[in-house]
Amino acid sequence: MSILHAANLLQLDKVKGLCCEFLKEELDVSNCLAIGALADIYACQELLCCAKEYSLNKFQQLVGSEKFTSLPFGQLLELISSEELRVESEEQVFQAVAKWVSFDLTARKQFLPQLLEQVRLPLCHPKFLVDTVSGDALVMEDAACRHLLDEAKNYQLSKLYTPTRPAMQGLRTRPRNPVKFSEVLYVVGGVCNGDAVDSVERLDPGEPNPSWQRVASMTKRRGGHGVAVLDNLLYAVGGRNKEILSSIERYDPATNEWSNDVASMLTCREYFGLAALDGFLYAVGGDDGSTCLDSVECYDVRRNEWTRVAPLSSCRHRLSVSVLNGCLYAVGGSDGNACFNVVERLDPRVVEKYDPLTNEWTAVAAMNCKRFAGRLAVVSERMYAVGGKDGNCSQNIVEVFVPEANQWNLHSSMVQRRCAPGVGVIRKP
Numbered sequence: 027m028s029i030l031h032a033a034n035l036l037q038l039d040k041v042k043g044l045c046c047e048f049l050k051e052e053l054d055v056s057n058c059l060a061i062g063a064l065a066d067i068y069a070c071q072e073l074l075c076c077a078k079e080y081s082l083n084k085f086q087q088l089v090g091s092e093k094f095t096s097l098p099f100g101q102l103l104e105l106i107s108s109e110e111l112r113v114e115s116e117e118q119v120f121q122a123v124a125k126w127v128s129f130d131l132t133a134r135k136q137f138l139p140q141l142l143e144q145v146r147l148p149l150c151h152p153k154f155l156v157d158t159v160s161g162d163a164l165v166m167e168d169a170a171c172r173h174l175l176d177e178a179k180n181y182q183l184s185k186l187y188t189p190t191r192p193a194m195q196g197l198r199t200r201p202r203n204p205v206k207f208s209e210v211l212y213v214v215g216g217v218c219n220g221d222a223v224d225s226v227e228r229l230d231p232g233e234p235n236p237s238w239q240r241v242a243s244m245t246k247r248r249g250g251h252g253v254a255v256l257d258n259l260l261y262a263v264g265g266r267n268k269e270i271l272s273s274i275e276r277y278d279p280a281t282n283e284w285s286n287d288v289a290s291m292l293t294c295r296e297y298f299g300l301a302a303l304d305g306f307l308y309a310v311g312g313d314d315g316s317t318c319l320d321s322v323e324c325y326d327v328r329r330n331e332w333t334r335v336a337p338l339s340s341c342r343h344r345l346s347v348s349v350l351n352g353c354l355y356a357v358g359g360s361d362g363n364a365c366f367n368v369v370e371r372l373d374p375r376v377v378e379k380y381d382p383l384t385n386e387w388t389a390v391a392a393m394n395c396k397r398f399a400g401r402l403a404v405v406s407e408r409m410y411a412v413g414g415k416d417g418n419c420s421q422n423i424v425e426v427f428v429p430e431a432n433q434w435n436l437h438s439s440m441v442q443r444r445c446a447p448g449v450g451v452i453r454k455p
C-alpha cells in the first residue's frame with residue numbers, strides 16, 4: 027500500500043500500474059472492498075472496476091463474511107443498486123439488508139427505506155413477502171417501507187389480472203442481468219433389461235473431460251417416471267416398479283439423500299412428462315396402466331398438493347416434457363399405435379388462467395431420431411433429449427436442441443442405454 031501511495035505521489039505511473047496488477051491478483055472476499063476504496067482514492071480505474079466486479083460476483087460470500095456488517099452505507103447501497111449484482115433471488119438481497127441494519131439498529135434503521143428501495147421485492151416469492159418481509163417489525167413501522175411492500179404484493183396479485191400488469195412494470199419488476207451458473211445433469215432410474223432401476227448418474231458438462239458418475243440411489247426402483255427440479259431439489263415422480271406409482275421422492279444434492287415427504291399425484295402415471303414452471307410441477311399425459319392419458323395435473327410445493335389443469339390436445343404417453351425460454355415443450359411420444367419425432371410447444375404465459383383459447387400448441391423442428399420414453403433437460407439454454415426407444419431397443423443417443431436455429435444436433439452418447447429415465451439439472455455448488 028505504501029508503495030502505491032509513493033508511486034502516486036511521485037507520479038511513477040509504471041510502478042503504480044504494477045502495484046495495481048499485484049492488487050488485482052490478491053483480490054478476495056476479505057479485501058475486495060478495501061482494495062476498491064484504495065483504487066478510488068488513487069484514481070486506479072481498472073483496479074476499481076475489478077474490485078467492484080469481484081464484490082458483485084461474490085456478494086453472497088461477502089454477506090457471510092465478517093467484513094459485511096462493517097460496510098459503509100454508501101458502498102452497500104451501490105452494490106445492491108447494481109444490475110450486475112450476482113444473486114439467485116431478491117430474497118437474498120433483502121436478507122443481506124436486514125442483516126446489515128440489525129447489526130447497529132439505532133444508527134442504521136434510518137437507512138432501511140433507501141436500501142429497501144433497491145431490493146426488487148415484486149420479484150420475491152409471495153410466501154416470502156407474507157412470512158418474512160411482512161413479519162419484519164422495522165419494515166412495518168416505516169411508511170415508505172410499507173409502501174414498497176404493498177407495491178410488491180399488488181404486483182403479485184396482478185398476475186391474476188393480466189390487463190393490470192403493464193402499468194405496474196418498472197425497475198423493481200425487472201430481473202437483474204442474468205447470471206450464468208454452472209449446471210449439472212442428473213439421470214435418474216429408468217428401465218434396463220426389462221427391470222426398473224434405482225441408480226442415479228450425474229454429468230457436469232463444465233468439467234474439462236465430462237464423464238458420468240454415480241450418486242445416491244432412490245428409495246424405490248422407478249421406470250417410466252418423471253424428474254424435475256424445484257429450488258435446486260430433484261423430484262422423482264410416479265412411474266412403475268411392480269405397479270404403477272403416484273408416489274414421489276425428493277433428492278437433496280447437498281446431503282446426497284432422498285426423502286419421501288411429498289404428496290402423491292391424483293392419478294397413478296407412467297411414461298408421462300414432468301416439468302417445473304414458475305414454481306409448480308406439471309405432470310403431462312402418460313398412461314395409468316390401461317388408458318393413454320391427455321390429463322395434466324399441477325403440484326404446488328407450498329401447499330404440498332396437486333390440482334388438475336387444462337389437458338393436452340390429444341392423448342400421448344411416453345412423451346418428454348421440458349421448459350425452455352419460458353415455454354413448455356412436449357417432445358415425441360406415442361398414442362399407443364405410432365412412435366413420434368414431432369415436437370409441440372405450449373406458450374404458458376396465461377397458463378395460470380387455464381384458458382384453452384390461448385393455451386395453444388405449435389410445431390417446431392423434429393428430432394433426428396424417432397423416440398418414445400426418452401427424457402429432456404435444459405442445460406445452459408440448450409435442451410438435451412436423452413435415452414428412450416426407437417422401437418424395440420433402448421437408446422443411449424443424446425440430441426441437443428438449439429432454439430435460435432430451430433434444429434437438433436447429435437451429442438456424445440451416454441454410458442448406459444436407458445429407456446424411460448428421469449433427468450434433472452442442478453446448479454453446481
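Numbering (this note's numbering), first residue to last: 27 to 455. Cβ atoms here follow ideal geometry from the backbone N, Cα and C, with glycine treated the same way. Predicted model, so just to flag it, every value in this text is computed and none were measured.
Classification of residue i by the beta-carbon crowding that lies within 10 angstroms, buried from 16 upward
| i | result |
| --- | --- |
| Asp381 | Because the pLDDT of Asp381 is 28, which lies under 50, any placement of that residue in the model is unreliable, and the question is left without a value. |
| Arg146 | buried |
| Met166 | exposed |
| Ser420 | buried |
| Thr384 | At Thr384, the pLDDT of 45 sits below 50, so the modelled position is not reliable; the number obtained from the coordinates is stated separately. Counting Cβ neighbours within 10 Å, Thr384 comes out exposed, since fewer than 16 surround it. |
| Gly448 | buried |
| Gln144 | buried |
| Asp304 | exposed |
| Ala178 | buried |
| Leu372 | Annotation note: pLDDT 43 at Leu372 (below 50); position unreliable, coordinate value reported separately. Its Cβ being crowded by 16 or more others within 10 Å, Leu372 is buried. |
| Val441 | exposed |
| Val349 | buried |
| Gly220 | exposed |
| Pro234 | exposed |
| Trp238 | exposed |
CA nearest to the CA of residue i, picked from the options
| i | options | result |
| --- | --- | --- |
| Leu97 | Asn57, Val310 and Gln118 | Asn57 |
| Ala222 | Leu211, Thr158, Gly264 and Tyr212 | Gly264 |
| Ser243 | Asp54, Pro429 and Gly216 | Gly216 |
| Leu319 | Leu300, Asp326, Ser340 and Arg328 | Ser340 |
| Phe99 | Gln140, Tyr325 and Ile423 | Gln140 |
| Asn203 | Asp176, Ser107, Thr281 and Val327 | Ser107 |
| Ile452 | Ser406, Val424, Leu436 and Val428 | Ser406 |
| Gly414 | Met393, Asn258, Glu47 and Val349 | Met393 |
| Lys50 | Tyr80, Ile67 and Asn435 | Tyr80 |
| Asp224 | Pro234, Pro236, Asn235 and Arg240 | Arg240 |
| Ser360 | Gly311, Val404 and Cys353 | Gly311 |
| Leu345 | Glu117, Glu296, Asn351 and Cys353 | Glu296 |
| Phe94 | Leu59, Cys445 and Asp287 | Leu59 |
| Tyr325 | Tyr261, Gly250 and Gln433 | Tyr261 |
| Cys456 | Val404, Ser316, Phe398 and Cys395 | This structure cannot speak to residue 456, because the chain is shown only from 27 to 455. |
| Asp416 | Phe398, Ala446 and Asp257 | Phe398 |
| Lys84 | Ala69, Gln71 and Leu105 | Leu105 |
| Pro16 | Ser115, Asp314 and Val55 | Residue 16 is absent from the model: the chain starts at 27 and stops at 455. |
| Thr158 | Ala280, Gln71, Trp434 and Ala124 | Ala124 |
| Asp162 | Gln136, Gln121 and Leu402 | Gln121 |
| Ala280 | Arg134, Asn258 and Asn351 | Asn258 |
| Gln71 | Gln433, Cys46, Val426 and Val357 | Cys46 |
| Gln86 | Ala69, Val55, Arg342 and Ala336 | Val55 |
Neighbour flag for residue i against chain D, beta carbons, 9 Å
| i | result |
| --- | --- |
| Glu92 | In the structure shown, chain D does not exist; there is a single protein chain. |
Whether residue i touches residue j by CB criterion (9 Å)
| i | j | result |
| --- | --- | --- |
| Leu510 | Leu174 | In this structure the chain extends from 27 to 455, so residue 510 is not present and cannot be described. |
| Val255 | Gly400 | no |
| Val119 | Val113 | yes |
| Val347 | Phe298 | yes |
| Arg443 | Cys218 | yes |
| Tyr277 | Val327 | no |
| Leu131 | Leu103 | no |
| Val412 | Tyr355 | no |
| Arg172 | Val214 | no |
| Leu155 | Gln182 | yes |
| Ser439 | Asn418 | no |
| Val428 | His437 | no |
| Ser316 | Leu338 | no |
| Ala431 | Gly250 | no |
Residue i CB to nearest heavy atom of the ligand PLP below 8 Å
| i | result |
| --- | --- |
| Val214 | As far as ligands go, the structure on display features none, and thus does not contain the ligand PLP. |
Integer Cβ distance of residue i from residue j, believed to fall under 8 Å
| i | j | result |
| --- | --- | --- |
| Lys246 | Glu275 | 7 Å |
| Ala309 | Glu323 | 5 Å |
| Thr199 | Pro148 | 5 Å |
| Ala65 | Leu73 | 4 Å |
| Glu117 | Cys150 | 5 Å |
| Lys78 | Gly90 | In fact, because the Cβ distance is near 19 Å, the residues do not count as touching under 8 Å. |
| Val253 | Leu300 | 7 Å |
| Leu82 | Glu110 | 5 Å |
Are there three or more Cβ pairs, one per stretch, closer than 8 Å when the segment 225-234 is compared with the segment 264-273? no
Contact between the segment 332-341 and the segment 288-296 (3+ Cβ pairs under 8 Å): Here the segment 332-341 lies against the segment 288-296, with 3 or more beta-carbon pairs under 8 Å apart.
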